[in-house]
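S.K.: Questions regarding the structure given below will be posed in turn.
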Amino acid sequence: MKKIYYILLYMLFYTVSTLFIALRVKDLDFDPIFFVMSLILPIFLLSIGRYLSVILSFFIFLIIEFNIYIVLMYHKTSFEICVAIAGSPIDDVFTMIEAVPLQVFLSVIILQSLLMFITWKAAFNRPKVAAVSLACFGTMLGGRILLKSDIGVEDLYKNALVYDHFKKQFVINGDAELYGYLYGLTPGYLGITLTELTLALSYNTGHFKSVPISLKGHDVTDPVITSKNTPKVRHIVMIVGESDSALHHNLYGYRDYETTPHLKNLYNQGQVCFIPKVHSGANLTRDAVPMLLSFYDADHPNKLLKEKNLIELAKDNGYITYWMGAQEGTNVYGSSYGFLGHFADHYLMPHDTNMAYSLKKQRDQMLLPMVKKEFSSLDKSKPYFIIIHLMGSHTDYIARVRKEDVKALPTAGSYNQAIHHTDHSINEIIELSKKYLGDFTLLYSPDHGEILRSPDLGEHGIYDGGYDQYKIGIYLAGDNHTNYCQQAETLRSDNGYFASPQNKYLLLTMMGYGVSQKGLDYIKLHDRVVNSGIAFDYDKIPQPKRKKQ
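FYI, in our numbering the residues of the sequence shown are 1 to 549.
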């Protein structure tokens with residue numbers, strides 16, 4: 001085969017694959033003129049000689065294939081995903097790699113081998129062509145910077161709020177706007193990769209402008225709060241679950257396996273109630289958890305930074321506060337809820353604590369013995385507001401499963417086994433609360449649901465993933481738990497759903513706070529969620545495309 005054919009094959013794969021990515025970048029309009037101009041880059045890659053061409057092309061195509069995989073998984077790529085990739089803790093990276101099917105790795109190996117063969121055959125050594133093409137590409141990129149086109153990236157504050165590991169404090173990153181601009185700078189994988197590298201380098205080296213955030217407390221209270229009275233519940237325990245779909249809970253109608261035997265038994269004994277027809281406030285943890293414990297909502301995310309959160313309000317009314325979590329809160333992705341955790345009098349997260357314990361890994365199995373030890377030392381004459389943040393059934397599911405879960409559900413998939421473990425964790429915390437607190441009310445709410453592709457493979461945060469990633473179950477236990485399940489019925493939106501951010505009003509009632517009925521009526525009338533970083537009416541979130549019959 002003549003060299004020209006190999007060059008055409010190289011250019012064809014590069015063009016088609018990068019076009020596939022560029023057309024699926026959320027928040028940005030596709031720029032066809034700039035895309036065509038960016039095809040100068042593969043000309044440079046082919047004109048630098050065989051050895052350099054193969055080496056550089058290997059990494060370029062690997063990056064392209066990675067971005068294609070992300071697009072296939074999430075149906076679009078986004079600035080949120082860039083932040084998640086750049087800021088994920090190493091534990092999450094390994095578990096996500098483990099969750100990638102073997103056939104994907106084999107496909108990449110075969111494709112890379114074929115592409116390197118094509119590159120070897122197509123490459124040529126033309127220094128002048130390389131110099132001219134590189135100069136053209138650099139000029140084009142510089143012109144793009146000078147044009148400063150609108151990137152359309154919203155809510156950059158979420159990426160501006162980070163934990164500075166060098167200064168040991170939460171800060172506002174003054175370069176966040178720059179990262180968003182880089183994301184919109186070039187079409188497709190170029191802008192995405194540039195953003196991810198810049199984010200990762202800046203956060204891991206501390207090289208970014210920063211403004212410290214005080215954790216002494218906010219002065220502003222949300223106007224929905226009208227009064228502060230004597231607390232109605234002495235000890236409040238809030239368990240935040242992870243990726244826990246109501247579609248796999250027995251009390252919500254699931255029949256294939258006994259995934260939640262403890263909750264089912266407690267319900268039959270009258271010790272637990274559950275709220276039917278619930279949806280989460282977001283399909284990503286970094287949005288969903290702050291919506292549970294602050295006045296952050298789909299249209300006012302900055303309330304996380306500007307107003308008192310529920311931990312501050314609990315402290316204002318005499319509670320001693322705890323945040324004990326199995327999820328890391330000082331990485332880029334987890335900073336929104338890690339920030340909340342640091343308002344607690346006592347906090348424990350992986351690699352971050354002011355308590356006597358140190359949690360090394362994101363494992364509920366390691367967290368719960370520490371929870372038990374702390375509960376056993378509490379002075380129950382003092383009021384407590386305790387938040388326990390689980391890893392629950394986060395992918396990779398098999399990493400969340402114990403031998404006991406496999407033994408109980410030997411033929412079930414790892415997702416159901418992980419939910420079985422969460423059921424055990426909830427029951428254990430209820431029993432600890434009974435033993436060491438006495439007078440308590442406990443609320444369990446996951447951050448979001450999950451889309452199951454198979455018994456062992458699922459996902460969330462999908463832009464057009466539909467409603468499954470929002471379907472969750474909420475349970476209450478302890479003293480007067482049925483009263484709060486009944487109160488939840490008065491907080492339903494006009495569409496009939498109880499949205500998980502309404503949990504905060506149950507918690508505020510327990511704490512003794514009065515809430516404006518007018519404010520609640522407005523919230524009930526506007527059922528808004530954050531879908532992959534963008535605000536939507538719940539009944540208008542993007543749905544999966546139907547396959548043609």
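Even for Gly, the Cβ is constructed at its ideal location relative to N, Cα and C.
#1: LYS545 by DSSP, collapsed to three states: which one?
#2: Write down the C-beta distance between GLN469 and GLY449 rounded to the nearest angstrom, noting that I regard them as a contact closer than 8 Å.
#3: Which word fits SER358, buried or exposed, when buried means at least 16 other C-beta atoms lie within 10 angstroms of its C-beta?
#4: Would you mind working out which of THR18, ILE43 and LEU39 sits nearest ILE4, comparing C-alpha positions?
#5: Could you please give the first and the last residue of the uninterrupted beta strand (DSSP E) stretch that includes THR226?
#6: Are the stretch 388 to 399 and the stretch 437 to 457 touching, with three or more C-beta to C-beta distances below 8 Å?
#7: Where does the unbroken alpha helix (DSSP H) through VAL427 begin, and where does it stop?
#8: Pull up the distance between the alpha-carbon of TYR267 and that of GLY334, whole angstroms please.
#9: With DSSP collapsed to three states, give me the class of VAL406.
#10: Helix or strand or just coil, what does DSSP make of GLU307?
#11: Taking Cβ positions, are LEU506 and HIS342 nearer each other than 8 Å?
#12: I'd like to know if the stretch 229 to 248 and the stretch 470 to 484 are in contact, where contact means that at least 3 CB-CB pairs between them fall below 8 Å.
#13: Mind checking whether ASN427 and HIS248 have CB atoms under 8 Å apart?
#14: If you drop the 5 nearest sequence neighbours on each side, which residues of the same chain put their C-beta closer than 6 Å to that of SER133?
#15: Which term fits PRO290, buried or exposed, when burial requires 16 or more other beta carbons within 10 angstroms of its beta carbon?
#16: When we look at the beta-carbon of LEU114 and count the other beta-carbons within 10 Å, is it buried (16 or more) or exposed?
#17: Enumerate, from N- to C-terminal direction, the unbroken alpha helix (DSSP H) stretches of 4 or more residues contained entirely within the stretch 243 to 307.
#18: Is the distance from the Cβ of HIS394 to the Cβ of GLU242 below 8 Å?
#19: Given a cut-off of 8 Å on the beta-carbon distance, is the pair THR226 and SER516 in contact?
#20: Measure the beta-carbon distance from GLN487 to THR509 and round it to whole angstroms, keeping in mind my assumption that it falls under 8 Å.
#21: Could you give the first and the last residue of the continuous beta strand (DSSP E) run that contains THR441?
#22: Tell me which residues share the same chain as ARG402 and place their Cβ nearer than 7 Å to its Cβ, disregarding the 5 neighbours each side in the sequence.
#23: Pick helix, strand or coil for GLU450, following the three-state DSSP scheme.
#24: Helix, strand or coil: which one does DSSP assign to ARG24?
#25: Roughly how many angstroms lie between the CA atoms of ARG255 and PRO544, to the nearest whole one?
#26: Using the C-alpha atoms, what's the distance from LEU102 back to GLU154?
#27: Can you list, in chain order, the residues of its chain with a C-beta nearer than 6 Å to that of ASP150? Leave out the 5 residues immediately preceding and following it.
#28: Assuming TYR257 and ALA412 make a contact with CB atoms under 8 Å, what is their CB distance in whole Å?
#29: Just to confirm my understanding: we take SER454, look at its own chain, exclude 5 residues before and 5 after, and list those with CB closer than 8 Å. What are they?
#30: What residue does the alpha helix (DSSP H) around ILE33 start on, and which one ends it?
#31: With distances taken from CA atoms, which of VAL224, ILE430, SER433 and GLU404 is nearest ILE419?
#32: Of the choices LEU525, TYR484 and ASP31, whose alpha-carbon is the least far from that of GLY496?
#33: Buried or exposed: LEU161, going by 16 or more other Cβ atoms within 10 Å of its Cβ?
#34: So what does DSSP say about ARG492, is it helix, strand or coil?
#35: Spell out the partners DSSP gives THR77 in its beta bridges.
#36: Spatial neighbours of LEU284 within its chain, please: C-beta separation below 6 Å, excluding the five flanking residues on both sides.
M.R.: In terms of the structure at hand:
#1: By 1-based counting over the sequence shown, the position of residue 545 is 545. Here LYS545 sits in coil by DSSP.
#2: Translated into the one-based positions of the sequence shown, residue 469 becomes position 469. Translated into the one-based positions of the sequence shown, residue 449 becomes position 449. Yes, they are in contact, since the Cβ atoms of GLN469 and GLY449 sit about 5 Å apart, within 8 Å.
#3: Indexing the sequence shown from 1 puts residue 358 at position 358. Exposed: under 16 other Cβ atoms inside 10 Å.
#4: Translated into positions along the sequence shown, residue 4 becomes position 4. Of the candidates THR18, ILE43 and LEU39, the one whose C-alpha sits nearest the C-alpha of ILE4 is ILE43.
#5: Against the sequence shown, residue 226 aligns to sequence position 226. First-last of the beta strand (DSSP E) with THR226: 225 to 228.
#6: yes
#7: Your numbering for residue 427 matches position 427 in the sequence shown. Contrary to the premise, residue 427 reads as Asn rather than Val in this sequence. Per DSSP, ASN427 belongs to the alpha helix (DSSP H) from 414 to 436.
#8: As a first step, residue 267 must be located in the sequence shown, where it is residue number 267. As a first step, residue 334 must be located in the sequence shown, where it is residue number 334. Answer to the nearest angstrom: the Cα atoms are 33 Å apart.
#9: Translated into positions along the sequence shown, residue 406 becomes position 406. Note: VAL406 maps to helix in three-state DSSP.
#10: Taking the sequence shown and counting its residues from 1, one reaches residue 307 at position 307. If DSSP states are grouped into helix, strand and coil, GLU307 belongs with the strands.
#11: Residue numbering aside, residue 506 sits at position 506 when the sequence shown is read from its first letter. Residue numbering aside, residue 342 sits at position 342 when the sequence shown is read from its first letter. In this structure, HIS342 does not lie closer than 8 Å to LEU506 by Cβ.
#12: yes
#13: Taking the sequence shown and counting its residues from 1, one reaches residue 427 at position 427. Taking the sequence shown and counting its residues from 1, one reaches residue 248 at position 248. Contact: no.
#14: Counted from its first residue, the sequence shown places residue 133 at position 133. Excluding sequence neighbours, SER133 sits near ILE40, ILE43 and PHE44.
#15: The sequence position of residue 290 within the sequence shown is 290, counting from 1. With 16 or more other Cβ atoms within 10 Å, it is buried.
#16: Along the sequence shown, read from residue 1 onward, the residue named residue 114 stands at position 114. Label assigned to LEU114: exposed.
#17: 261 to 268, 285 to 293 and 303 to 306
#18: On the sequence shown, residue 394 is found 394 positions in, with the first residue counted as 1. On the sequence shown, residue 242 is found 242 positions in, with the first residue counted as 1. Going by C-beta atoms, HIS394 is nearer than 8 Å to GLU242.
#19: Here the question's residue 226 lines up with position 226 in the sequence shown. Here the question's residue 516 lines up with position 516 in the sequence shown. Yes. Within cutoff.
#20: Stepping through the sequence shown from its first residue, residue 487 is reached at position 487. Stepping through the sequence shown from its first residue, residue 509 is reached at position 509. The Cβ separation is near 6 Å, so the contact holds.
#21: In the sequence shown, residue 441 corresponds to position 441, counting from 1. Taken as a continuous stretch (DSSP letters only), the beta strand (DSSP E) holding THR441 covers 440 to 446.
#22: Position 402 of the sequence shown, counting from 1, holds the residue named residue 402. GLN365 and HIS421.
#23: Taking the sequence shown and counting its residues from 1, the one referred to as residue 450 is at position 450. Coil at GLU450, not helix or strand.
#24: If you number the sequence shown from 1, residue 24 lands on position 24. Here ARG24 sits in coil by DSSP.
#25: What you label residue 255 is simply residue 255 of the sequence shown in a count that begins at 1. What you label residue 544 is simply residue 544 of the sequence shown in a count that begins at 1. One C-alpha to the other measures close to 25 Å.
#26: Taking the first residue of the sequence shown as 1, we reach residue 154 at position 154. Taking the first residue of the sequence shown as 1, we reach residue 102 at position 102. Per-residue confidence for GLU154 stands at a pLDDT of 39, beneath the threshold of 50, marking its modelled position as unreliable; no derived number is given.
#27: The sequence position of residue 150 within the sequence shown is 150, counting from 1. Caution applies to ASP150, whose pLDDT of 44 falls short of 50 and renders its modelled position unreliable; the model cannot decide the point.
#28: Taking the sequence shown and counting its residues from 1, the one referred to as residue 257 is at position 257. Taking the sequence shown and counting its residues from 1, the one referred to as residue 412 is at position 412. At roughly 5 Å, the Cβ-Cβ gap stays under 8 Å, so TYR257 and ALA412 are in contact.
#29: Looking up residue 454 in the sequence shown gives position 454. Once the five neighbours on either side are set aside, the close Cβ partners of SER454 are GLY413.
#30: For this step, residue 33 is matched to residue 33 along the sequence shown. Run containing ILE33: 32 to 38, per the alpha helix (DSSP H) assignment.
#31: In the sequence shown, the residue the question calls residue 419 occupies position 419. Minimum Cα distance to ILE419 is reached at GLU404.
#32: Along the sequence shown, read from residue 1 onward, the residue named residue 496 stands at position 496. Nearest C-alpha to GLY496: LEU525.
#33: What you label residue 161 is simply residue 161 of the sequence shown in a count that begins at 1. The residue in question, LEU161, is buried, as its Cβ has 16 or more Cβ neighbours within 10 Å.
#34: To locate residue 492, count along the sequence shown from 1; it is residue 492. Three-state result, ARG492: coil.
#35: Locating residue 77 in the sequence shown gives position 77, where the first residue counts as 1. According to DSSP, THR77 bridges with VAL25.
#36: Residue numbering aside, residue 284 sits at position 284 when the sequence shown is read from its first letter. Excluding positions up to five away in sequence, the list reads GLY461.
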